[in-house]
Structures are given as C-alpha cells and as structure tokens.
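One line per chain: the protein sequences are A and B, in this order. Numbering follows this note's numbering, in which position 359 of the first sequence is assigned residue number 362; successive positions increment by one, without gaps. Numbering follows this note's numbering, in which position 5 of the second sequence is assigned residue number 539; successive positions increment by one, without gaps. Remarks on the structure that follows.
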Amino acid sequence: MNFLEAVELNKYNSSHEDVCCNFFMSGLSAPLELYLKGYFSIKGFNVDLNTIPFNSLHQNVIDLNSNDNSIILIFPWDLVPEVNWRSGFSDFKNRDVNSLNILLIDSLRNINNMAIFYIPAFFPPIFQNYFDNIKLAEKLKHVMLKLGSKIIDSEFFSMENYLNIGCPIGNNNLSKVSKLMVDGFINQYLFKEKKVLVTDFDGVLWKGIIGDDGVDGICYDQSVDGYIHYIYQTYLKNLKDRGVLICGVSRNSDGIAKMPFEQGNMVLSTDDFVSILASYNSKSEQLQLLSEKLNLGLDSFVFVDDSDYEIKEVSSRIKQTTCLQFPKETNNFLEFISDLSSLFNQTDLTEEDKKRTELYKKRVKNIAPRVSSEKSLSSFLLSLKMKLVVKKIVNSNFDRAIQLINKTNQFNMNGVKQTYDSVSSIIESGGSIFTASLYDISGGHGEILVCLIDNKGVIRSFAMSCRVFQRKIEYVFIYWLHKYINFEKFNYMKTDRNGVFQEFINEDIFINKNDSIRINNKSLTIANKKYNNLVDLSTNF
Amino acid sequence: MKDENLLILTKIFQIVLNLIDDIDVESINKDNTRSWDSLATVSFQSAIQSEIGIELDIQELFEITSFKMLDSLLSSKGY
C-alpha cells in the first residue's frame with residue numbers, strides 16, 4: 004500500500020463498520036497509523052485508532068481495560084529495559100540471564116481482545132558471554148510465544164529509524180508490518196471462528212495447470228516441485244478430520260478439475276470435499292453460493308488461491324472472508340501455513356466434528372456453479388486498470404509466442420502445435436504473428452496472448468493464457484484485429500481440452516459461414532462497446 | 535522535474551501539511567506553516583520513499599524549509 008493509497012483509504016466510508024482499537028508500542032507509532040487505518044479500511048472497518056505517547060507502553064498496558072480491542076507491538080527492550088539501543092550499553096558486570104526481570108508479561112496476560120506482535124530485533128549484546136545473549140533472545144521469544152504472540156520478522160526493525168526518529172520500523176516496511184498486524188488482529192478477534200476452507204486447485208493443490216499440463220504435467224508428491232502442495236493437501240486432510248469443511252473452486256470444467264483425483268494417488272480425494280465448483284465464473288460468486296447453501300456466514304470462510312487476480316476479486320467483493328495467497332516460493336510456505344493454521348484454532352474435538360463433512364454434503368448436493376453477474380464483474384475489472392500492449396513479432400523472436408501456442412490448451416483455437424520452422428515459413432511467405440502483454444495495478448503479467456495469421460488471412464493459431472480468463476481481453480483484442488489487420492477466418496478445431504475456446508467461438512460475435520468461422524461485425528461492435536472501457540489497448544509497432 | 539512528478543510531490547506536500555487544495559505550495563515554508571513540525575518531516579520521508587521510491591536522509595530533510603528546496607533536493611537525486 005503506497006502513501007497516497009493509504010490516505011485515500013483513511014477517508015470515512017459509510018458502508019464500513021465502525022470499530023475502536025488501541026495500538027500500543029513504546030516507540031513512535033505515528034508513521035504506522037496511516038497504514039494501520041488503511042488496512043482496517045480494506046477489511047471493511049472505519050477504525051478509531053487510539054495510540055499512546057512515545058515511551059509510555061508500560062503504564063498504558065497496566066491501565067488497559069481488559070476487553071478493549073488492542074494491537075500491541077513489542078520489542079525486546081520493552082521486556083528488558085536494559086537492552087534498549089537508545090539507552091546504550093548499561094553496566095552489566097556480574098549479572099546473568101536468569102537475574103533479569105522480564106516486564107509486562109503479567110499485565111499482558113490479563114488482556115482479552117488483544118493481538119500481540121513481537122519483533123525479536125537484535126539488541127545490545129550486554130553479556131560478556133556471547134551465548135548468554137543468544138539465551139536471552141531465545142528466552143524472550145519463548146515468553147512471547149507462550150503469551151500467544153505472533154512473531155514478526157526481525158528484518159523489519161530499522162536501527163536508523165529507531166535512533167533518528169524513535170520509530171523502530173523502517174519506512175519501506177511500514178505498510179507490510181501494518182498489514183501483518185491488522186490481518187492478525189482482525190482474523191483473531193473481529194471475524195468469526197473459521198469453519199470453511201475454500202481452495203483453488205491449479206497452483207495450490209498441485210503445481211501446474213491441469214487444463215494445460217495434463218495429469219502427467221502436474222506435481223503433488225514429495226518431490227522438489229510437488230512438496231509444498233503435498234504438505235498442503237495433508238494439512239487440508241487434517242483440517243477435514245477436525246471438522247473444517249473443505250470446498251474446491253476451480254477455473255476449469257468439472258471433468259478437467261477432477262482428473263487428478265481420478266489417478267488415485269493424491270492425499271485428498273473428492274470425498275474429502277463438501278463441494279467442488281468448477282467453472283469459468285467468478286470465484287466470489289461461488290463463495291456466495293456456498294455460503295447460502297451451507298447456511299454459514301462468509302466471515303467463517305477462508306479462501307486460498309495462488310492468483311493475485313482471484314485474491315483481489317474475492318477480497319474486494321467479500322470483505323468478511325479471509326483470503327490467503329498460496330505462495331509461489333517454498334521459502335514463503337512456512338509463513339503461509341502459520342497464517343492459515345492461526346485461523347483454525349480448535350481446543351476440543353467432538354464426534355460431531357469428525358462427521359461434519361458428511362453432514363454438510365447433503366446441503367450442497369447437486370449444486371451448480373453460479374454464473375457471474377456482469378455488473379459486479381465489470382466494476383471489479385475496471386478497478387484493475389488493465390492495459391494490453393500488442394506487439395508484432397519481427398526478427399524471428401518467436402520463442403515465447405511458440406511456447407504460448409504449444410503450452411496453452413484451454414483457450415487454444417485448434418490445439419495445433421507450431422515449431423520455429425513452421426512459424427518462420429508462415430511469416431516468410433507474408434504472414435504475421437502478434438503477441439499481447441497485459442499490465443494492471445498488480446504489475447506486468449508478461450505476454451498472455453498470441454495470434455498467428457498466414458498470407459491468405461487465415462488465423463492459424465490463437466491462444467490466450469488461462470491466467471487471464473474472464474477479463475474480457477479476448478473481445479478487445481479480436482475487435483482490434485478485425486479493425487486494423489486483414490484476416491478472413493479462424494482455423495478453428497474442437498479438441499478434448501479447448502472447452503473454454505469452444506464456449507468463446509460459440510458466441511454471437513462469430514458466424515459459421517460455409518464451414519468457416521468468421522466475424523459477425525455487428526455483434527463484435529456491440530461487444531467491443533461493452534468491454535473496451537475495461538482494457539486500454541495500445542500497439543507497440 | 536517532470537509535470538507528473540511535480541503533481542505527486544505537490545499532493546504529498548498538501549497531505550502531510552494538511553493544506554487546502556488550491557493553496558500555492560511555492561509560498562509555503564517552515565516558518566509560516568504551523569503544521570510543518572518534526573512529525574511532518576518524518577511523514578515526508580516515508581511518503582516520498584513510498585510514492586517516489588527515493589530514500590532521503592532524515593537529517594537532510596530537517597534542513598529543508600520550503601517546497602522549492604524539496605523540489606531541488608529531489609531533482610538532484612534524479613526525480
């Protein structure tokens with residue numbers, strides 16, 4: 004979250020819920036306040052944030068009403084004042100780790116609606132013995148963990164900021180730390196106990212995209228590529244046995260989404276799911292459908308997906324649902340599992356918990372995915388500020404274009420594989436090849452679309468990455484192609500896997516004339532009028 | 535400084551110092567603006583780093599007393 008974005012989010016929103024919350028830390032809290040309020044706003048709350056003066060943490064914790072909503076950020080020197088950088092090294096002859104008095108703990112134990120965060124920042128090594136300093140660091144961390152605090156990475160501590168202005172968080176981490184604290188607090192105290200986990204499939208249950216890679220191309224075992232997906236599946240199995248309802252929402256056809264389960268060698272089976280909704284409609288609509296059928300509030304849902312787009316779509320439309328992004332890197336998996344497990348906190352396990360999946364399956368039997376509402380999808384797509392840049396490939400740089408044609412199956416006009424030689428031959432005899440790159444508020448998504456046209460105006464290949472389905476980009480691109488580039492018809496062919504393209508080609512912007520697919524000019528113009536404000540198309544040639 | 539960058543800097547200035555929209559920022563200086571205190575300087579540092587991506591030394595910023603000086607400082611850093 005940038006500064007100006009945070010300022011905008013700080014404005015009062017009448018559709019938000021009003022909430023009061025204390026934010027206590029010993030250092031200067033002012034730089035964090037803007038971002039804390041911004042993240043509360045994203046979660047659907049106007050927060051009245053009560054902060055305290057510099058260096059008054061202890062007194063305010065003692066005076067705190069035990070039922071007030073509170074976020075408390077602790078550093079080692081809050082627990083052991085002798086290790087405060089701002090005080091320098093104190094005289095520590097003949098002292099040992101056990102003789103130190105750790106403050107605050109008793110006061111913190113008495114507070115209820117409190118989320119404590121501890122940053123185990125490096126502190127002055129006050130003991131002569133190096134290992135005593137390590138012992139103290141571990142002791143403080145252990146004490147804070149016992150208190151139920153969440154640990155925030157010590158890399159967020161900024162010595163420069165702490166000494167210069169009294170704020171121990173670096174300027175480049177104000178937003179990140181604020182987000183961690185607000186998410187942690189809201190998930191724990193303002194949202195209900197979580198009962199449902201809705202998971203994506205591609206890139207989450209397995210590495211890869213089933214529609215494009217096939218069952219042999221995806222990975223979910225205890226191998227380098229599949230390990231975090233394997234562990235994730237075992238965790239979901241664990242949750243299901245504890246009574247959490249597991250649902251699947253996947254951008255695939257039903258048959259393709261369930262193909263990996265049919266192999267019989269995954270940790271999870273379709274029986275572990277209360278419901279699997281596979282379609283190309285918006286995921287937020289599917290969550291709402293599940294909420295209605297299960298008769299459970301959306302604030303009891305957790306949504307897991309690897310895609311920025313899907314996370315944004317769901318979190319912008321359903322503020323009460325907690326959304327977690329499945330990590331792309333193994334190194335981030337620990338934090339992800341830690342965040343996820345903190346949402347499903349359970350003390351006792353009953354017999355009813357163990358049978359819950361079977362009980363709820365009856366409520367959702369035979370439900371079909373809900374079709375997306377155009378109005379709400381358009382409003383979300385508009386907020387993405389998408390830009391499509393079309394490029395004509397010259398100088399034989401066909402590698403990415405060929406990869407896109409050959410690897411993409413779902414939105415692929417005919418599934419015909421191309422080689423460097425076949426593409427070169429088409430280009431040399433007067434054909435053209437175009438690719439399009441997509442940019443939005445999340446950043447650049449690379450080349451996501453390719454179109455190969457021969458010298459007779461026949462579109463020989465047309466493919467688009469499944470990552471950008473439902474963004475209406477294909478309509479805007481086809482309109483541009485029809486307006487500026489000479490082509491006659493589409494060399495379309497139905498395949499086992501191009502179901503998404505089959506739906507597209509059956510729309511009224513196309514007509515089947517003399518066994519060849521051509522453009523319906525009038526319908527295309529109407530479609531373009533509907534969608535061209537969603538995507539800003541420009542050319543780079 | 536490019537026009538669009540000047541616009542961002544002006545916006546930061548207005549927000550941090552709580553100025554009304556149509557005020558001429560060129561006329562603002564530390565002496566004639568009560569809201570330009572040390573906390574405002576701290577806010578400038580984090581806002582500039584967040585929006586513009588330039589890390590300014592806080593001591594450098596404490597010496598800035600007008601919009602023009604801030605503009606010059608950022609221009610000297612390539613903004």
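The beta-carbon is built from N, C-alpha and C at its ideal position, and this holds for glycine as well.
Closest option to residue 44 of chain A, judged by alpha-carbon separation, among A:189, A:397, A:368, A:84: A:189. In the three-state DSSP reduction, residue 390 of chain A falls in the strand class (E or B). Take the alpha-carbon of residue 213 of chain A and the one of residue 260 of chain A: they are about 7 Å apart. In the three-state scheme derived from DSSP, where H, G and I count as helix and E and B as strand, residue 420 of chain A is classed as coil. Against residue 606 of chain B, chain A offers no close residue; the least beta-carbon distance is about 21 Å (beta-carbon pairs closer than 8 Å). With 16 or more neighbouring CB atoms inside 10 Å of its own CB, residue 546 of chain B falls in the buried class. Distance check between residue 537 of chain A and each of A:443, A:148, A:461, A:15 places A:443 closest, using alpha-carbon atoms only. The shortest C-alpha to C-alpha distance from residue 265 of chain A to any of A:218, A:517, A:528 is the one to A:218. Between the region 360-379 of chain A and the region 283-296 of chain A, the count of Cβ pairs shorter than 8 Å is three or higher; the stretches touch. Less than 8 Å separates the beta-carbon of residue 202 of chain A from that of residue 251 of chain A. Residues 511, 512, 513, 514 of the same chain have their beta carbon placed closer than 8 Å to that of residue 523 of chain A, with the five preceding and five following residues left out of the count. Taking CB atoms only, residue 6 of chain A has a neighbour in chain B less than 8 Å away. For residue 283 of chain A, no alpha helix (DSSP H) run applies, since DSSP gives it neither H nor E. Chain B has a Cβ within less than 8 Å of the Cβ of residue 33 of chain A. Distance check between residue 381 of chain A and each of A:319, A:40, A:7 places A:319 closest, using alpha-carbon atoms only. Identification of chain B residues near residue 177 of chain A by a Cβ-Cβ cut-off of 7 Å yields 580, ordered along the chain. When 7 Å is used as the limit between beta carbons, residue 168 of chain A is near these residues of chain B: 576, 592, in chain order. Membership of residue 109 of chain A in any beta strand (DSSP E) is not indicated; the residue belongs instead to the alpha helix (DSSP H) covering 108-112. Judged by DSSP in its simplified three-state form, residue 254 of chain A adopts coil rather than helix or strand.
Residue 467 of chain A sits close to residue 411 of chain A, with the two beta carbons spaced by under 8 Å. Around the beta carbon of residue 147 of chain A, a 10 Å sphere encloses 16 or more other beta carbons of the protein chains shown; the residue is thus reported as buried. Residue 562 of chain B is outside the set of residues whose beta carbon lies under 8 Å from a beta carbon in chain A. Excluding residues up to 5 positions away in sequence, 482 lie with their Cβ nearer than 6 Å to the Cβ of residue 531 of chain A in the same chain. Around residue 160 of chain A, the same chain offers 122, 124, 171 as residues with beta carbons nearer than 6 Å, after the five sequence neighbours per side are excluded. In the structure shown, residue 118 of chain A adopts extended strand secondary structure according to DSSP, grouped into three states.
Within the DSSP secondary-structure output, residue 521 of chain A pairs in a beta bridge with A:514. Per the coordinates, the alpha-carbon of residue 347 of chain A lies some 16 Å from the alpha-carbon of residue 360 of chain A.
Across the structure, residue 334 of chain A and residue 185 of chain A are spaced so that their CA atoms are roughly 23 Å apart. Around residue 60 of chain A, the same chain offers 27, 28, 29, 81 as residues with beta carbons nearer than 7 Å, after the five sequence neighbours per side are excluded. Within the same chain, Cβ atoms closer than 8 Å to the Cβ of residue 490 of chain A are found at 456, 460, 461, 462, 484, the five residues on either side in sequence being excluded. In this structure, the straight-line span from the alpha carbon of residue 295 of chain A to that of residue 321 of chain A is close to 14 Å. Interface flag for residue 583 of chain B against chain A is set, since a Cβ pair is found closer than 8 Å.
In the structure shown, the three-state DSSP call for residue 62 of chain A is helix. Residue 394 of chain A and residue 7 of chain A have their C-alpha atoms roughly 33 Å apart. Within the region 32-90 of chain A, the complete beta strand (DSSP E) runs of at least 3 residues fall at 48-54, 73-77. Beta-carbon to beta-carbon, residue 438 of chain A and residue 426 of chain A are separated by about 12 Å, too far to satisfy the 8 Å threshold.
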